[in-house]
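2 protein chains.
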Amino acid sequence: MHALLLIAHGSRREASNDEVRDLAQALKHQTGDEFSIVECAFLELAEPSIPDGVSVCVEKGAESVTVLPYFLSAGRHVVTDIPEELQKAQAKHQQVNIKTAPYLGSAQGIIEILIGLSKQAS
Amino acid sequence: MHALLLIAHGSRREASNDEVRDLAQALKHQTGDEFSIVECAFLELAEPSIPDGVSVCVEKGAESVTVLPYFLSAGRHVVTDIPEELQKAQAKHQQVNIKTAPYLGSAQGIIEILIGLSKQAS
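Spelled out as structure tokens, the structure:
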């Protein structure tokens, strides 16, 4: 089974963390057959942590975990912190294939989304 | 003339701020005739500030400024801090029509982008 793990920064404001949890739910409904497990995890300030998020996927039967960084820029979090957390998870679950997708801000389609939003200004 | 002002958080890491500046440039090339001025501004840690970013637009001849929050969640920055900064700008440029677009994380299209990214994992 393949798992998708959406990783966000985490916020002191629980409503922001819930936005991420809702997004993971929405992804679950739309990824179709590709990912039978979709979870989220947080770098800091919210639960589950990244290693715990990977563990949740493994407990649900994941043989591979695709990590999806919900971050806008290739800052320290994306370049250093997330890979470090994933190393911990990989050490714990050596049989699991952990892959990382490009971070959100790197996607070409962001520009089209921003143009669409600009037309909804009020 | 209409201006589009992309607003990001700002980072201590200058490369992250440059990603935002590059994105504003890319937007400039793709918004077509709708916005003859496209600039960016930062809530903190980078220049220009939001009021200064509005001023740049006005100096370039903007009669209206559409603010586009490059943020993933409706946290304090989106709900409180950016509106406060825009009030300062509006007080300084009372003749300018300042409108705010929905923040990036609220866009429906984000899910399709995330699904696309998940297929590029390695």
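Top to bottom, those sequences are chains A and B.
For the working numbering, add 16 to where a residue sits in the first sequence, where the first one is 1.
For the working numbering, add 16 to where a residue sits in the second sequence, where the first one is 1.
Glycine included, every Cβ here is placed at the ideal spot set by N, Cα and C.
Computed from a predicted model, the values in this text were never measured in an experiment.
Let's test the definition: count the other Cβ atoms within 10 Å of the Cβ of residue i and tell me whether it reaches 16, buried, or not, exposed.
i        : result
A:Gly77  : exposed
A:Asn113 : exposed
B:Val95  : exposed
A:Ala107 : exposed
A:His93  : buried
B:His45  : exposed
A:Glu101 : buried
A:Ser32  : buried
A:Glu35  : buried
What are the boundary residues of the beta strand (DSSP E) that includes residue i?
i        : result
A:Pro64  : Note, A:Pro64: premise wrong, no beta strand (DSSP E); not H, not E.
A:Val81  : Ser80 to Pro85
A:His93  : Note, A:His93: premise wrong, no beta strand (DSSP E); not H, not E.
A:His18  : His18 to Ala24
B:Lys115 : Asn113 to Thr116
A:Phe58  : Ile53 to Phe58
To the nearest angstrom, how far is the alpha carbon of residue i from that of residue j?
i        : j        : result
A:Gln136 : A:Glu75  : 43 Å
B:Gly125 : A:Gln124 : 12 Å
A:Ala40  : B:Ser134 : 13 Å
A:Ala90  : B:Gln111 : 38 Å
A:Asp49  : B:Ile131 : 12 Å
B:His138 : A:Pro85  : Looking at the sequence itself, residue 138 of chain B is Ser, so the reference to His does not match. Using only the alpha carbons, I get a separation of about 13 Å.
B:Leu120 : A:Glu128 : 11 Å
A:Val81  : A:Met17  : 9 Å
A:Asp97  : B:Glu30  : 18 Å
A:Leu88  : A:Glu79  : 28 Å
B:Ala42  : B:Arg28  : 23 Å
B:Leu61  : B:Lys115 : 24 Å
B:Pro99  : B:Ser122 : 17 Å
Please go through the same chain and pick out, in chain order, the residues whose beta-carbon is closer than 6 Å to the beta-carbon of residue i, but skip the five residues on each side of it.
i        : result
A:Phe58  : Ala24 and Gly26
B:Gly69  : Leu21, Glu55 and Ala57
A:Lys104 : Pro67
A:Ser52  : Met17
Below 8 Å CB to CB, which residues in the same chain sit around residue i once its five sequence neighbours on both sides are set aside?
i        : result
B:Thr47  : Leu20 and Val54
B:His1   : Any property of residue 1 of chain B remains undetermined from this structure, which presents chain B solely from 17 to 138.
B:Ala117 : Thr82, Val83, Leu84 and Pro85
Between which two residues does the alpha helix (DSSP H) carrying residue i extend?
i        : result
A:Lys108 : Ile98 to Lys108
B:Val36  : Glu30 to Gln46
B:Glu128 : Ile126 to Ser134
Who are the near neighbours of residue i in its chain, counting only those whose CB is closer than 7 Å to its CB and skipping five residues on each side?
i       : result
A:Val72 : Glu55 and Pro64
A:Asp38 : none
If you measure beta-carbon to beta-carbon, which residues of the region 35-58 of chain B are closer than 8 Å to chain A? Glu35, Val36, Leu39, Ala42, Leu43, Gln46, Thr47, Glu50 and Phe51
The region 65-79 of chain A: which residues have C-beta closer than 8 Å to a C-beta of chain B, in chain order? none
At a Cβ cut of 7 Å, what residues of the region 93-104 of chain B count as close to chain A, listed as they run along the chain? none
Using a beta-carbon distance cut-off of less than 9 Å, what residues from the region 106-121 of chain A approach chain B? Lys115, Thr116, Ala117, Pro118, Tyr119, Leu120 and Gly121
Taking any Cβ of chain A, which residues in the region 125-136 of chain B have a Cβ under 9 Å from it, in chain order? Gly125, Ile126, Ile127, Glu128, Ile129, Leu130, Ile131, Gly132, Leu133, Ser134, Lys135 and Gln136
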